[in-house]
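Those sequence lines, one after another, are chains A, B, C and D.
Just so we're on the same page, the working numbering is the position in the first sequence counted from 1, plus 585.
Just so we're on the same page, the working numbering is the position in the second sequence counted from 1, plus 15.
Going by the working numbering, the residue at position 232 of the third sequence is 231; the numbering climbs one at a time, nothing skipped.
Just so we're on the same page, the working numbering is the position in the fourth sequence counted from 1, plus 741.
All C-beta atoms in this analysis are idealised placements derived from N, C-alpha and C, irrespective of residue type, glycine included.
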Amino acid sequence: MNAQMFFFIVFALIAIISAVLIMALERIAHRVVAMAFSFFAVAAIYFLLGAEFIGIVQIMVYVGAITILFVFGMMMTEHRNVGFGPDPRKTQQILGFVGVGFLLAFMLYAIVTADLPNSGEPYVGSAEIIGLELYGHYFIAFIGSAFLLTSALIGAVVIARKEAD
Amino acid sequence: MCHGILKEKGVGMMHYAWLIPVFPLITFLILLVAGRVLKEKVAYIGIAGLALSFLLSVLVLLERIGGETYTYVLNWMTVGENVVTMGYEVTALNAMMLIVVTLVSLVVHIFSKEYMKEDDRIHVFFAYLGLFSFSMLGLVLAPNILQLFIFWELVGLCSFLLVGFWYFKPEAAAAAKKAFLITRIGDVGLLIGLVLLFNRVGSFNYAEIYTAVEMDQLSAPMITTIALLIFLGAVGKSAQFPLHVWLPDAMEGPTPVSALIHAATMVAAGVYLIGVMYPLFLASSTAMTVVAYTGALTALFAATMALVNNDIKRILAYSTISQLGFMILALGTAGYVAGLFHLMTHAFFKALLFLGAGSVIFAVHHRQDIRDMGGLWGKMKVTSVTFLIGSLAIAGIFPLAGFWSKEEILASTLINGDGFLFLIALVTAFLTAFYMFRLFFKTFTGEFKGGDLNDPTEETFNEQAAWEATQSAEVGLDAGYEERKVYPNHQEVPENEPRENAGLMTFPLMVLAVLAVIAGFINAPFLGHQLEAFLTAGLNVGTQPHGALWLAFLSVAVAVAGISLAWAMYVKGFIREDFFSSKAPSIHKLFQNNYYLDDIYLAVFVRPTKEISLLLWEMDKTIVDGVITLIGSLTSRSGKAMGKHQDGQLQTYGLVTVFGGMVVIGLAFAVRGYFG
Amino acid sequence: MMANMLIWLVFLPLIGAILLFTIPKENVNVIRSLATIVSGMALILTVIIWGGFDRGVSGIQNGTTLPWFDLGFLQINFEIGIDGLSMPLLLLTTLVTTLSIFASFSIEKRVKEFYIWTLILLSGMLGVFVALDMFLFFLFFELTLVPMFFLIGIWGGKMRSYASFKFLLYTGIGSGIMFMTFLAIFTKGAEAMNFQGTSFSMIRLAEIFANPANPEVLSEGVKAALFLGLLVAFAIKLPVFPFHTWLPNAHVEAPTAVSMILAGILLKMGGYGLIRAGFGILPDQAAKFATLIAILGLINIIYGALLALVQTDLKALVAYSSISHMGIVLLGIASFTHSGMQGAVFQLVSHGFISALLFFMVGAMYERTKTRTISEMGGLSKSVPILAGFMLAAAMASIGLPGLSGFVSELLAFIGIFGASADLIPAAMTIGIIAGIGIILTAAYLLWAMQRTTFGPIKEKFMNLPDARPMEYVPMVGLLALSLILGVYPHILSDVINTTVIDIVSRIGG
Amino acid sequence: MVSITLFLALAAILFCIGLYGVLTRRHLVIVLASIELMLNAVNINLVAFSAIGPFANITGQVFTLFVITVAAAEAAVALAILIALYRNRNSIDVLKHDLLRW
């Protein structure tokens with residue numbers, strides 16, 4: 586089992602375990618850190634797939650920016666003594682688990698039975714090609730996402746600021 | 016003389032026969048519009064109109080005696096292929112009826128000018144009288160049975176309006192409605208009869224019906240059903256046995272109305288109908304027997320009730336029913352001329368009796384109980400004499416009209432009918448004589464038993480009291496049935512004298528009295544049965560039966576026996592007045608309450624219908640409507656129930672979506688090959 | 000020229016309604032006079048068409064067919080035209096609406112909207128009677144529904160919202176069923192001609208159903224189902240026994256003018272539709288269901304009469320009497336004889352006038368005595384003799400007194416039912432006789448009501464009521480005169496109806 | 742060479758964990774985190790197909806970029822809402838926020 590498979594297994598496990606930890610841990614701080622780890626593992630998988638640029642962007646945006654954002658979110662909402670006590674919707678928990686479990690089973694079954702042809706050597710996309718595509722084929726989408734980001738920025742500020750009463 | 020002049024012009028008076036009903040119609044329209052303004056003078060317009068009609072009908076009769084039937088018809092409506100026509104026709108029977116109706120109507124108009132003079136709605140009264148005369152004359156002139164039916168119902172409407180003339184009296188309102196409803200039952204029978212006739216014969220005209228009957232296009236059972244249905248119409252209108260209950264109550268109307276409508280003309284319409292459709296009746300023997308027996312039964316039945324009644328107008332009403340029974344008995348036993356002859360004579364002397372009663376009532380200030388009257392012979396000379404003539408005529412004493420026509424009826428019953436019918440006829444003749452003279456003696460002989468005429472406690476009609484009465488008593492079809500009120504003031508108080516009425520009231524009495532005397536001679540045997548020749552010319556109604564001489568003596572004997580019995584009881588007092596009633600109190604009670612028929616009809620027909628309708632209404636509200644409201648509330652309730660599950664928890668929605676998604680995936684997966 | 004006159008007639012009221020929008024709410028008199036002028040013009044137009052109407056032709060006259068929209072094989076065109084059946088009803092509509100506008104001068108609340116809705120309703124009704132294309136028929140049918148809903152809902156009595164909703168739902172379901180049946184008829188028609196030359200026009204479909212290209216498509220079962228669908232749809236509109244409960248509520252709550260239109264014209268659309276669509280397209284089915292229709296008619300007569308006997312509210316009594324009179328229409332239709340069918344159409348017209356008059360009188364009485372319960376009223380003919388006189392005349396007309404139009408239609412319907420062939424309706428004789436009892440009951444409940452309201456001693460509070468105002472004379476005298484004319488000389492109407500009736504009945508083999 | 746099914750399986754697993762988190766966790770921040778996780782799972786798929794899918798080309802990665810930008814914007818706005826929500830209702834427990842109903 587060559588090196589690539591080994592690394593894939595390692596990072597996949599990290600990603601899955603940290604995802605589970607987000608759900609399972611008690612303290613909110615630990616859960617956010619688990620989130621960071623899972624994002625990091627996903628970035629590693631991108632590297633495995635030869636998409637360095639996406640890997641880099643993933644690290645910068647997810648592991649960096651969004652995790653910090655969540656930390657702020659967590660701090661703002663006085664994370665220390667927030668104990669929710671027993672969750673009254675026990676049945677909903679189980680139902681949720683069973684439902685999602687079935688969904689997962691469906692997906693895996695579908696993935697396993699789907700006979701995707703193996704494309705031989707992997708395609709390595711470099712930043713330069715992505716750049717060309719962004720400014721070429723997807724130029725409108727690119728400008729759209731720009732607008733999206735600015736509006737999100739302004740929106741977030743407007744929503745979150747204290748009403749000037 | 017004038018008859019001759021018109022002849023040269025070649026235009027017979029019969030062509031103008033349509034004017035006869037139009038004159039009263041014109042008076043009706045004038046009075047309807049300008050009635051309130053004319054106040055007193057309305058009577059003159061009414062009288063003028065009727066006088067013209069009477070004059071014209073005399074001319075028409077004179078011309079018709081020689082000539083033959085004149086018909087004039089125009090297209091009224093097209094039904095599919097066959098055309099329904101309307102118009103007018105002057106036959107022998109019509110001409111006679113025209114004279115009877117216009118004469119009696121004219122006389123009643125003159126009488127009511129005096130009788131109704133202090134009533135503030137006199138213009139409405141004369142308008143309705145004009146409308147009634149128009150519809151009665153229209154009925155008589157109808158060339159086909161549909162037009163007869165149209166005027167038949169209009170006559171019913173006028174009787175409704177005139178009986179209910181004093182509408183503020185609850186009894187009058189109830190009586191008017193009852194009269195219209197019960198005659199309506201008969202009318203529906205007649206309607207179905209004429210509809211069947213139209214379907215079988217293809218047209219309403221008498222001529223075509225007669226030919227169809229002759230060539231027996233109709234099957235025997237069909238003829239009998241049609242005849243019986245038409246007879247049902249006659250029973251309704253001429254108040255024969257099952258449907259007679261409305262006539263005594265119709266006395267609530269003013270007396271001139273009773274004289275005109277419920278004595279002479281409208282009630283005779285039933286007999287006229289049978290006369291007009293006589294070939295149809297002749298064609299089915301079962302119908303004839305039914306007609307005969309109903310007539311006989313009604314005659315006897317009504318006579319018994321007249322024996323015990325104490326209201327002057329109700330006695331005359333029962334006597335009318337009884338005399339109509341006689342006419343129908345005559346028609347039932349193939350005595351076509353006998354029945355119609357009696358119709359004519361009866362119209363005159365019954366109108367006379369009613370108007371006489373009217374003038375008596377007018378004199379004693381609108382009280383009608385004969386126990387309060389008496390000794391009027393001295394005070395009201397003309398009325399008493401004319402009333403006596405009328406009573407003698409109806410009893411059938413020799414020279415008077417009643418004798419001739421009743422003798423004819425007895426003859427036809429004896430010859431064509433069976434012995435039982437003849438027996439009933441004789442007994443009824445006897446009872447007629449008895450109750451008529453009971454009435455005569457109690458009202459005109461002895462001393463005046465009525466108290467002071469303008470006594471304050473007298474029963475003046477005040478509306479408020481009457482309204483409370485109806486509120487307490489059960490309002491509805493049977494309002495006004497309580498026992499006749501006994502008048503409070505029965506003790507001897509210096510009364511002021513009832514005086515003879517003005518000329519305008521006594522003149523009609525005299526005219527009718529003369530007619531009651533001479534009317535009989537036109538069909539007298541020794542003058543060669545003129546009326547019979549006139550009526551049966553051109554009609555095959557079989558040979559008219561004529562009784563032997565002994566029959567004449569028998570009928571007079573029976574009449575005299577009745578009169579003497581009454582004389583013995585009520586004048587001389589050999590027999591105590593309540594001799595019979597004490598002997599058989601229960602029978603007396605039975606007769607007094609007209610065999611409890613009103614209550615029976617009430618219990619059998621009126622109340623169950625109301626009960627059923629109330630039940631149906633409840634059912635309608637709860638079941639038929641209930642189902643709809645149920646569906647309505649069902650949808651809204653289920654909507655609310657569903658709403659409870661939306662509790663705002665986002666995550667429950669998420670979960671439901673996931674499960675929904677999976678179901679869809681599962682379905683797609685399961686049927687993935689099916690739709691190919 | 001005559002053809003586009005019909006188009007003008009249908010859309011004139013709509014134009015009037017739009018004009019009304021421009022007038023400010025305040026000057027009520029201008030609004031009222033404009034409304035009267037518009038409906039008066041519609042009336043004049045109808046009279047001109049009536050004059051120009053060719054009595055001889057039994058088919059469609061003044062027909063115009065304008066392509067409206069076509070989607071491949073679905074060809075819907077604006078096809079209108081009149082014949083002996085719809086001409087009298089057209090005249091009835093304009094006459095009753097004009098007179099009811101006169102009757103509505105006593106309405107003070109939101110006058111402008113009232114007349115806008117009335118004019119839209121008028122154009123809807125006219126449209127229904129001229130439409131020959133099923134789709135168009137349905138469209139106008141719905142167009143009458145909405146204004147009626149608002150007219151009852153806004154200007155009605157206390158329980159007006161309940162009544163208007165019930166009316167809307169009932170007739171809405173009815174028109175829903177009708178539309179589905181129309182679509183089914185269209186598709187079956189298309190199949191029968193395997194999809195060429197198909198159309199929504201009733202006339203064309205009648206021919207298709209008469210001789211389809213491939214007959215096995217139109218099996219007996221299918222045609223029976225289609226006919227039943229139509230029967231149910233129109234039974235709801237012409238209230239037939241199980242579906243009638245909306246009528247009393249709608250009438251009791253509706254204002255006088257609206258209930259005049261509702262009773263006068265809207266009920267007739269049910270009868271007209273049944274004859275036009277039901278008997279026009281599926282005559283053989285109609286013959287098969289003749290006994291059912293006759294029995295339904297009979298139930299209507301007796302049930303309506305019995306219920307009217309015990310009503311406490313005068314307007315509900317008149318509503319149930321309408322149900323009873325519509326029973327006579329069913330009886331006439333079911334008999335499949337010339338006179339029966341002619342009687343049915345005659346009854347549609349005559350009942351239109353008489354019930355409008357009756358409702359007007361009840362409304363006028365209500366305006367004065369402020370009560371409709373019969374037991375509270377009494378002796379009104381002393382204080383309002385003229386109104387009481389007209390009310391009695393209206394009651395007499397409704398009873399079917401000869402000389403007024405009610406009698407002629409009853410007579411024709413009776414001749415029809417008694418003349419019905421035995422194999423068509425086996426029990427025709429018994430049905431006729433029981434219907435006779437219905438007539439007696441009609442006389443009973445109407446006279447009893449008259450006795451308790453106008454006769455009898457008067458109560459203090461009704462002592463000095465104002466008698467008829469000049470404006471009220473117009474509808475009273477107008478409607479009574481119309482009924483009188485039709486009663487005295489029915490030839491005017493019968494020769495218009497006759498040729499078409501002979502054609503309809505001949506198609507059924509009558 | 743790692744076949745694509747493995748990557749897809751990984752993505753599916755991560756996606757389902759994220760979904761579970763959204764549906765059941767009570768802490769709003771965790772719910773948002775799970776949403777981010779689900780988005781990542783999607784990205785893995787995109788990149789996997791763009792790298793070793795049947796017609797490997799760059800568009801997968803371009804789309805991943807767009808997804809990331811959207812995710813970032815969404816996270817920002819979500820947290821802003823969270824803070825505003827917390828300030829008004831001073832609770833971040835999902836059960837408390839059930840105003841959005843009939």
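On a CA-only basis, which of the options is nearest residue i? Give me that one, please.
i	options	result
C:L227	C:E215, C:N213, C:V251, C:F181	C:F181
C:D346	C:L84, C:D466, C:E206, C:L150	The residue you asked about is not Asp; residue 346 of chain C is Gln in the sequence shown. Nearest C-alpha to C:Q346: C:L84.
C:L412	C:A392, C:V344, C:M449	The question names Leu, but residue 412 of chain C is Ala in the sequence shown. The shortest C-alpha separation from C:A412 is found at C:V344.
B:P257	B:T309, B:T117, B:G405	B:T309
B:W283	B:T447, B:L262, B:T458	The sequence shown places Ala at residue 283 of chain B, not Trp. If we check each option's Cα against that of B:A283, B:L262 comes out closest.
B:L415	B:L530, B:G95, B:K396	B:L530
C:M395	C:L479, C:V383, C:G296	C:L479
B:K252	B:I424, B:T280, B:K604	B:T280
C:I202	C:I280, C:S32, C:M360	C:I280
D:E815	A:I739, A:F727, A:K747, A:L693	A:I739
Run the CB neighbour count on residue i, radius 10 Å, all protein chains shown included, and call it buried at 16 or more, exposed below.
i	result
B:W632	buried
B:K192	buried
A:N587	exposed
B:F5	Given that chain B is displayed from residue 16 to residue 691, the structure contains no residue 5 of chain B and the question cannot be resolved.
C:F148	buried
B:E129	buried
C:Q60	buried
C:M158	exposed
C:I260	buried
B:S653	exposed
A:A636	buried
D:L749	buried
I need the DSSP call for residue i, collapsed to helix, strand or coil.
i	result
B:E104	strand
B:Q506	Any reading at B:Q506 needs caution, since the residue's pLDDT is 39, under 50, leaving its predicted position unreliable; the model's value is listed next. In this structure, B:Q506 counts as coil in the three-state DSSP scheme.
B:S174	helix
C:P66	strand
B:F606	helix
B:N325	coil
D:L840	coil
(request) Taking only runs that begin and end inside the stretch 50-111 of chain B, name each unbroken alpha helix (DSSP H) of 4 or more residues, in chain order. (result) Complete alpha helix (DSSP H) runs here, min 4: 57-81.
(request) State whether the stretch 369-377 of chain B contacts the stretch 122-129 of chain B, with contact taken as three or more CB pairs (one from each stretch) at a distance under 8 angstroms. (result) They touch, by the three-pair rule.
(request) May I ask you to verify whether the stretch 107-115 of chain C touches the stretch 173-190 of chain C, counting CB pairs closer than 8 angstroms and requiring at least 3? (result) no
(request) Decide if the stretch 381-394 of chain B is in contact with the stretch 132-146 of chain B; the criterion is three or more beta carbon pairs, one per stretch, under 8 angstroms apart. (result) no
(message) Does the structure place the stretch 204-214 of chain B close enough to the stretch 263-272 of chain B that three or more beta carbon pairs sit under 8 angstroms?
(response) no
(message) Under 8 angstroms, with one C-beta from each stretch per pair, do the stretch 292-301 of chain C and the stretch 374-393 of chain C reach the 3-pair mark?
(response) Output reads no: the stretch 374-393 of chain C does not touch the stretch 292-301 of chain C.
(message) Does the stretch 78-95 of chain C come into contact with the stretch 1-21 of chain C, if we say contact requires no fewer than three beta-carbon pairs (one atom in each stretch) closer than 8 angstroms?
(response) yes
(request) Report yes or no: do the stretch 298-313 of chain C and the stretch 618-629 of chain B share at least 3 C-beta pairs separated by less than 8 angstroms? (result) yes
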